[in-house]
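Take the sequence shown: its letter number 7 is residue 7 in full-length UniProt numbering, and every next letter is one higher. Note that the Cβ used here is the ideal one computed from N, Cα and C, for glycine as well. It should be emphasised that the depicted structure is a prediction, and the values quoted were computed from it without experimental measurement.
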Amino acid sequence: MTSVFINEFHYDNVGADTGESIEIVAPVGTSLSGWKLYLYNGSNPAAAVVYNTLALDTASIAVRDLGNGYRTLVVTLPADGLQNGNADGFALVDAAGGVVQFLSYEGVMTAGSGPAAGMSSIDIGRSESNTATPTGTSLQLTGTGTAYEDFSWAASSASTFGGANNGQTFGTTGLPGDLSIEGFRSVAEGDAGTTQLSLTVTRSDGSTGAVGATFEIQFDTAGADDLADGQLLTGTVAFADGQTTATILIGIRGDRVIEADERFYVQIANPTGGVKIEGDAAGNASAEVVIGNDDTAAPGRAFINEILYDPAGADTNERVEIAGTAGLNLAGWTLVLYNGNGGAPYATIALSGTLPDQDDGNGALSFATPGIQNGSPDGLALVDAAGQVIQFLSYEGSFVANGGAANGMTSVDIGVAQSGGEPATQSLQLKGAGTESEDFGWTAASASSFGAVNTGQDFTPGNPNGTLRIRDASVAEGNAGLTNLTFTVDRTGGATGAVSADYSVAFGSGAGA
């Protein structure tokens, strides 16, 4: 069946020829780029020759949508632009050079040149004349249908160029439709194995016939190593007749690497089956895919590294230094100062800043603590941004906190003290080698080094597998039933590989099972 065809034309009338035109009908969505009309002179019907060639994709061609799945293209010619027969005609030729129709009026001819060479025309059986055909009329197809073969040529009647002909009804015809791909997707990569990403390609405004398109994965910050083994970077997405959705499956490789989010694009192009792609000017459409990093860095560690609380004379330059993992932001962290006489907190100092890298990924920041009490005993708690007590240290003895973040906890005496006779340029410091606070030891007053690694202190590269540390926990028992007690285990200093540790419960003052 011929779905693109010549539907109406006018070539001769009483008086001077006027309004000469040819109308082509095609389903909406059918590209006529590259199609042409070849006009044939059949004065020698045994060897008709081409006398004009008309391209159907120029700006001068009027295109109108009939609103029922079809559109018309009207080629308007100058006066005497179409020859008046005996016999003359035209060939409708597609972009590949194939002759779709070779029609004639006032007789049959055989083409001697051009794309229809050797072919005999089909006489439409209707004609116009310069003695009987009024101006403003044309020869038209009439009837009901969707293809050329459904209609028949009728005698001249009022022209309808750009619309359905007199007595012509177009039935509905299926359209291949348009393809589009979802614009944006994000997917968490996972820690291992493969996460399957499914991208949906949608077919709209028609679903007739089998259609398809190619797809291509185009990398931005992501790379092939972020995809599953064997993942194809190109392929096809196919739709059967009536099918409106299809999927492109892409395997995302899981890992435990701490990294930024990564991006790639999936482009669909090269449509087949008459379908179009809703996209850019080149007829391509792309989905943006972001692989979300779901691996978090091991929490940084921090600890109290240096203290000056009781210099000689009037207390001046009182400070506390916090050391730990370079890059750890202390925003939200606090130092809570405790009076050992009764155990109550008496001051809270907000911390801020990011620990610098001063020695193998570690560094220190110093904070003023004016009014820090002089012992016997007194202490301080280092509290993280979540309100968790990281350390509860004291000097000149131990005590139990009564209130504040360390409520109920017993302080750990650092074992060294200031006598009140040391100058304000000396402090109590951790010294030794290691990465964790437990690797160092508190030493008697020596020249202070607030804001820098202590003299006699050497931070060594951390274990790439990290260090495990369990936090203290407390819970109200309740009056009945069971209450879960949750202990948090932190892995700091490294996160390479899978690690584990055994645990056991040892009862102190608490009751057993």
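Tell me the DSSP secondary structure of residue i in three-state form.
{"i": "SER437", "result": "helix"}
{"i": "ALA111", "result": "strand"}
{"i": "MET401", "result": "Residue 401 is actually Ala in this sequence, not Met. In the structure shown, ALA401 sits in coil (DSSP, three-state: anything other than H, G, I, E or B)."}
{"i": "GLU422", "result": "coil"}
{"i": "ASP88", "result": "strand"}
{"i": "ASP178", "result": "strand"}
{"i": "ALA314", "result": "coil"}
{"i": "ASP413", "result": "strand"}
{"i": "ALA224", "result": "helix"}
{"i": "TYR11", "result": "coil"}
{"i": "TYR38", "result": "strand"}
{"i": "ASP150", "result": "helix"}
{"i": "residue 553", "result": "One cannot answer for residue 553 here, as it falls past the ends of the chain, which runs 1 to 513."}
{"i": "ALA164", "result": "coil"}
{"i": "TYR395", "result": "strand"}
{"i": "ASN44", "result": "coil"}
{"i": "LEU351", "result": "coil"}
{"i": "LEU139", "result": "strand"}
{"i": "residue 516", "result": "Residue 516 cannot be examined here, being either before or after the span of the chain that is shown, 1 to 513."}
{"i": "ASN293", "result": "coil"}
{"i": "GLU278", "result": "coil"}
Is it buried or exposed, residue i, if we count other Cβ atoms within 10 angstroms and call 16 or more buried?
{"i": "GLU149", "result": "exposed"}
{"i": "ALA246", "result": "buried"}
{"i": "VAL505", "result": "exposed"}
{"i": "MET1", "result": "exposed"}
{"i": "ASP12", "result": "buried"}
{"i": "TYR503", "result": "exposed"}
{"i": "ASP241", "result": "exposed"}
{"i": "SER159", "result": "buried"}
{"i": "ASP191", "result": "exposed"}
{"i": "GLN457", "result": "buried"}
{"i": "LEU482", "result": "exposed"}
{"i": "LEU232", "result": "exposed"}
{"i": "GLU128", "result": "buried"}
{"i": "GLU318", "result": "buried"}
{"i": "ILE122", "result": "exposed"}
{"i": "PHE507", "result": "exposed"}
{"i": "GLN168", "result": "buried"}
{"i": "PRO176", "result": "buried"}
{"i": "LEU380", "result": "buried"}
{"i": "THR435", "result": "buried"}
Kindly indicate which residue of the options has the alpha-carbon position closest to the one of residue i.
{"i": "LEU454", "options": "PRO464, TRP442, ASN463, PRO461", "result": "Checking the sequence, you will find Asn at residue 454 rather than Leu. The candidate whose alpha carbon is nearest that of ASN454 is TRP442."}
{"i": "ALA210", "options": "THR221, PHE151, ASP178, SER352", "result": "ASP178"}
{"i": "THR144", "options": "ASN130, GLN101, ASN68, VAL93", "result": "ASN68"}
{"i": "GLY324", "options": "ARG301, GLY171, ALA224, GLY29", "result": "ARG301"}
{"i": "THR496", "options": "ASN479, PRO464, ALA476", "result": "PRO464"}
{"i": "LEU355", "options": "ALA364, THR348, ALA347, ILE349", "result": "ALA364"}
{"i": "SER274", "options": "PRO27, HIS10, GLU8", "result": "Reading off the sequence shown, one finds Gly at residue 274, where the question assumed Ser. Of the candidates PRO27, HIS10, GLU8, the one whose C-alpha sits nearest the C-alpha of GLY274 is PRO27."}
{"i": "SER446", "options": "GLY434, THR425, GLN101", "result": "THR425"}
{"i": "GLN243", "options": "VAL201, ALA444, GLY230, THR221", "result": "VAL201"}
{"i": "LEU328", "options": "TYR338, GLY353, TYR309, ILE304", "result": "GLY353"}
{"i": "THR135", "options": "SER113, PHE9, PHE151", "result": "PHE9"}
{"i": "ASN293", "options": "ASN270, ILE252, ILE322, GLU438", "result": "ILE252"}
{"i": "GLU306", "options": "SER120, ALA480, VAL257, ALA368", "result": "ALA368"}
{"i": "GLY421", "options": "LEU308, GLY223, GLY230, LEU380", "result": "LEU308"}
{"i": "ARG256", "options": "ASP226, ALA47, ILE390, ASN484", "result": "ASP226"}
{"i": "LEU32", "options": "ASN52, TYR70, SER43", "result": "TYR70"}
{"i": "ALA350", "options": "ILE24, GLN358, THR221, VAL320", "result": "VAL320"}
Go through its chain and collect everything with a Cβ distance to residue i's Cβ below 7 Å, but skip five positions before and after it.
{"i": "residue 522", "result": "Because residue 522 is not part of the residues shown, which for the chain are 1 to 513, the question remains open."}
{"i": "GLY162", "result": "ALA62, ARG64, THR72, VAL74"}
{"i": "PRO115", "result": "TYR38, ALA91, VAL93, GLY97, VAL99"}
{"i": "ALA164", "result": "LEU66, PHE170"}
{"i": "ALA147", "result": "MET1, THR2, SER3"}
Keeping to the same chain, check which residues put their C-beta closer than 6 Å to that of residue i; ignore five residues upstream and five downstream.
{"i": "GLY313", "result": "none"}
{"i": "GLU396", "result": "GLY375, SER376, PRO377, ALA417"}
{"i": "SER286", "result": "TYR265, GLN267"}
{"i": "ALA433", "result": "ASP458, THR460"}
{"i": "THR316", "result": "ALA424"}
Note down, in chain order, each residue of its chain lying with its Cβ closer than 8 Å to the Cβ of residue i, except the 5 sequence neighbours on either side.
{"i": "ILE124", "result": "LEU103, SER104, TYR105, LEU139, TRP153"}
{"i": "VAL499", "result": "ASN465, GLY466, LEU468, ARG491"}
{"i": "ILE277", "result": "ASP178, LEU179, SER180, ALA213, ILE268, ALA269, PRO271, GLY283, ASN284, ALA285"}
{"i": "PRO45", "result": "ALA87, GLY107, VAL108, MET109, THR110"}
{"i": "GLU477", "result": "THR483"}
Kindly examine the ligand GDP and report whether one of its heavy atoms sits closer than 7 Å to the Cβ of residue i.
{"i": "GLY235", "result": "Because no ligand of any kind appears in the structure shown, any question about the ligand GDP cannot be addressed here."}
Quiz item: Should the segment 213-232 be regarded as contacting the segment 263-271, the criterion being three or more beta carbon pairs within less than 8 Å?
Solution: yes
Quiz item: If we count Cβ pairs, one from each stretch, closer than 8 Å, do we get three or more for the segment 368-385 versus the segment 329-340?
Solution: yes
Quiz item: Taking three-plus beta-carbon pairs below 8 Å as touching, is the segment 2-19 in contact with the segment 39-52?
Solution: no
Exercise. Could you tell me whether the segment 339-351 touches the segment 400-413, where touching means 3 or more Cβ pairs closer than 8 Å?
Key: yes
Quiz item: Is it a yes or a no for the segment 88-105 touching the segment 183-192, going by three-plus beta-carbon pairs under 8 Å?
Solution: no
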